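Enquirer:
Residue numbers (our numbering): 10 to 591.
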């Protein structure tokens with residue numbers, strides 16, 4: 010059928026969940042959204058619209074002012090700290106590094122000017138006319154007679170950064186996109202998620218502002234029913250895709266992507282911190298960040314043991330790295346837990362693995378050092394290459410292992426690694442995805458024409474120099490253990506390394522057969538790594554069966570319980586399942 014598949018892909022880029030019972034509490038478009046909110050106000054006097062930073066304030070505030078016609082508007086941009094004060098507050102956490110900062114531990118109240126907040130509260134209280142309190146942290150002024158929360162996904166925020174949007178209340182519209190992302194990752198999104206969880210617990214309406222000019226509104230009661238439904242059954246997140254200097258063309262064909270990009274380098278198809286969910290209320294489709302599930306329903310989503318270990322954070326991510334017809338990834342290494350905690354304020358690190366979905370002839374994975382490598386010599390060669398000297402000879406210092414479909418390369422923190430050109434990787438890893446120390450980027454520029462950040466100093470303090478050829482072969486390459494083998498079903502443990510907290514298993518299921526996955530009441534994530542399609546059912550009939558397609562990633566909430574994988578397409582399937590190892 011194509012270059013990479015011999016069947017027509019059914020990959021669903023926009024998976025949604027239907028929610029019944031709230032069709033008359035969901036609206037689309039500014040006329041209907043505003044009419045619904047004005048009607049909901051009734052004889053009320055104070056409307057409060059709290060917002061996630063990144064919301065288009067001019068659009069949303071303008072529409073509400075025209076519809077509500079308030080006599081007093083309290084704009085939170087005038088209540089938060091002045092830009093200069095905010096910049097001083099954030100400086101220690103944003104650092105001088107282009108990519109990484111330090112995790113901000115505070116709350117949104119730290120961003121508020123106390124005197125201005127008191128004045129705003131007084132104004133709202135004494136005003137006798139209509140009052141609109143609008144903006145990030147608006148609910149700190151008052152709960153009001155009607156509380157609305159305006160939300161959007163992190164991926165949309167990143168696209169707005171690229172289009173010129175500054176970080177909230179910072180004067181950095183023209184700044185490097187990596188700097189903007191750093192501020193979001195380490196500061197804005199952390200305090201915003203904490204504040205949003207508190208606000209949604211009290212809000213009346215939820216406003217989806219992901220698409221400019223096309224708002225979608227649903228009652229918070231409807232939203233909560235939708236979120237409750239998601240954590241009771243397996244479901245899919247909304248994936249997104251992005252080009253990159255090393256990107257390939259496999260995802261473009263297999264995932265049905267538009268051809269308006271030069272390539273597609275990576276995709277997040279299983280990262281609740283970044284992806285969204287789509288909820289269908291009649292004719293209205295509402296997009297909500299999956300982090301809302303994590304923060305509002307953490308035990309149902311994660312399970313008691315996973316929650317007790319990681320808090321309200323999903324610890325496993327699935328993403329795609331596509332170099333089919335592309336280039337090598339950057340040669341890189343990730344810090345161990347001690348280093349990432351001390352330097353960046355993270356509680357666990359970016360252990361990972363590469364599961365090979367597809368590979369061209371000659372493709373491979375760079376993994377671990379060759380025997381007898383002198384650290385001083387290797388670091389000197391990296392620094393010389395970075396400063397315009399002789400290109401770094403990766404094959405001299407780093408092992409290159411041949412890669413074939415369904416190989417699994419384990420990459421505990423400290424191990425030098427990267428995929429070569431010609432690989433389609435399902436990356437299974439811990440969630441802190443920004444902590445990659447690039448050692449060598451093959452002398453190329455990024456998509457923006459600027460050299461990509463290199464962190465040799467961090468890298469040399471992180472590399473495990475004892476992870477050489479023999480150790481890597483014995484511990485990290487295809488460490489498969491068959492756990493059960495019966496006619497039509499084989500279960501194999503494929504990793505990860507004992508130093509990593511994730512365990513992965515593959516289920517090879519013959520046509521017409523099924524396999525039960527015992528989740529232990531804890532969170533799991535899976536991907537159909539072979540076969541056109543399959544069905545996920547509940548052995549106890551606890552949820553409606555879910556049909557899935559080749560390489561779709563599926564979230565299995567703890568509350569869903571055990572699942573049954575069914576090969577019902579007349580062909581065998583293979584499913585990769587990951588869970589936290591306890």
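The C-beta atom is built at its ideal place from N, Cα and C for all residues, glycine as well. Quantities reported herein were computed from a predicted structural model and do not represent experimental measurements.
With a Cβ-Cβ cutoff of 8 angstroms, do residue 524 and residue 498 count as a contact?
Expert: In contact: residue 524 and residue 498 (Cβ atoms closer than 8 angstroms).
Enquirer: Give the single residue among 547, 560, 548 and 540 whose Cα lies nearest to the Cα of residue 580.
Expert: 540
Enquirer: Residue 181 by DSSP, collapsed to three states: which one?
Expert: DSSP places residue 181 in coil when its eight states are reduced to three.
Enquirer: Below 8 angstroms between beta carbons: does that hold for residue 559 and residue 52?
Expert: no
Enquirer: Identify the residues that DSSP records as bridge partners of residue 342: which are they?
Expert: 446
Enquirer: Apart from the five residues on each side of it in sequence, which residues of its chain come closer than 7 angstroms, Cβ to Cβ, to residue 198?
Expert: 163
Enquirer: In terms of residue numbering, what span does the beta strand (DSSP E) encompassing residue 158 cover?
Expert: 155–160
Enquirer: Along the chain, which unbroken stretches of the alpha helix (DSSP H) at least 4 residues long are found entirely within the stretch 191–215?
Expert: 198–209
Enquirer: What are the partner residues of residue 433, as DSSP defines its beta bridges?
Expert: Its beta-bridge partners are 331 and 367.
Enquirer: Give the single residue among 568, 474, 59 and 214 whose Cα lies nearest to the Cα of residue 36.
Expert: 214
Enquirer: If you run the structure through DSSP and keep just helix, strand and coil, what is residue 523?
Expert: Strand at residue 523.
Enquirer: Is there a C-beta anywhere in chain B that falls below 8 angstroms from the one on residue 62?
Expert: The structure shown contains no chain B; it holds only a single protein chain.
Enquirer: Would residue 117 pass as a contact of residue 130 if the rule is Cβ separation under 8 angstroms?
Expert: no
Enquirer: Applying the 10 Å Cβ sphere with the 16-neighbour rule, what's the burial state of residue 6?
Expert: Not covered by the structure: residue 6. The range shown for the chain is 10 to 591.
Enquirer: Please work out which residues of its chain come closer than 6 angstroms, Cβ to Cβ, to residue 490, disregarding the five sequence neighbours upstream and downstream, and give them in chain order.
Expert: 502
Enquirer: How do the stretch 400–414 and the stretch 370–384 stand: do at least 3 beta-carbon pairs fall below 8 angstroms, yes or no?
Expert: yes
Enquirer: Please state if the CB of residue 332 and the CB of residue 449 are separated by a distance shorter than 8 angstroms.
Expert: Not closer than 8 angstroms, so no.
Enquirer: Considering only residues of the stretch 53–140, which uninterrupted alpha helix (DSSP H) runs meet the minimum length of 4 residues and lie entirely inside it, listed in chain order?
Expert: 66–77, 92–103 and 123–135
Enquirer: Pull up the distance between the alpha-carbon of residue 305 and that of residue 312, whole angstroms please.
Expert: Taking the straight line joining both Cα atoms gives about 13 angstroms.
Enquirer: Let me know if residue 73 comes out buried or exposed under the rule of 16 or more other beta-carbons within 10 Å of its beta-carbon.
Expert: buried
Enquirer: Using a 10 Å radius around the Cβ and a threshold of 16 neighbouring Cβ atoms, would you call residue 420 buried or exposed?
Expert: buried
Enquirer: Kindly list the residues whose CB is nearer than 8 angstroms to the CB of residue 268, restricted to its own chain and excluding five residues on each side of it in sequence; keep chain order.
Expert: Apart from sequence neighbours up to five positions away, the residues of its chain that approach residue 268 with a beta-carbon distance below 8 angstroms are 261, ordered along the chain.
Enquirer: Could you compute how far the alpha carbon of residue 426 sits from the alpha carbon of residue 227?
Expert: 46 angstroms
Enquirer: By alpha-carbon positions, which one of 61, 249 and 571 ends up nearest to residue 147?
Expert: 61
Enquirer: Taking residue 286 and residue 246 to be in contact with their CB atoms under 8 angstroms, please state how far apart those CB atoms are, rounded to whole angstroms.
Expert: 6 angstroms
Enquirer: Taking 8 angstroms as the limit between beta carbons, can you name the residues of its chain near residue 229, skipping five residues before and five after?
Expert: So the qualifying residues of the chain are 158, 209, 212, 213, 214 and 215.
Enquirer: Measuring only the C-alpha atoms, how far is residue 590 from residue 41?
Expert: 48 angstroms
Enquirer: Going by CA-CA distance only, name the one from 319, 566, 185 and 538 that's closest to residue 551.
Expert: 566
Enquirer: What is the DSSP secondary structure of residue 588, counted as helix, strand or coil?
Expert: strand
Enquirer: Excluding five sequence neighbours on each side, which residues of the same chain lie with their C-beta closer than 7 angstroms to the C-beta of residue 594?
Expert: Summary: the structure shown does not reach residue 594, with the chain confined to residues 10 through 591, and so no result is reported for it.
Enquirer: Does the structure place the stretch 176–191 close enough to the stretch 236–251 that three or more beta carbon pairs sit under 8 angstroms?
Expert: The stretch 236–251, when compared against the stretch 176–191, does not touch it at the 8 angstroms Cβ threshold.
Enquirer: Taking the straight line between their C-alpha atoms, what separation do you get for residue 180 and residue 119?
Expert: 19 angstroms
Enquirer: From the DSSP output, read off the bridge partner residues of residue 275.
Expert: Bridge partners of residue 275: 251 and 330.
Enquirer: Can you look up residue 48 in the DSSP assignment and give me helix, strand or coil?
Expert: Here DSSP, grouped into helix, strand and coil, assigns residue 48 to helix.
Enquirer: Could you spell out the range, first to last residue, of the alpha helix (DSSP H) harbouring residue 166?
Expert: 163–171
Enquirer: Along the chain, which unbroken stretches of the beta strand (DSSP E) at least 3 residues long are found entirely within the stretch 465–500?
Expert: 490–495
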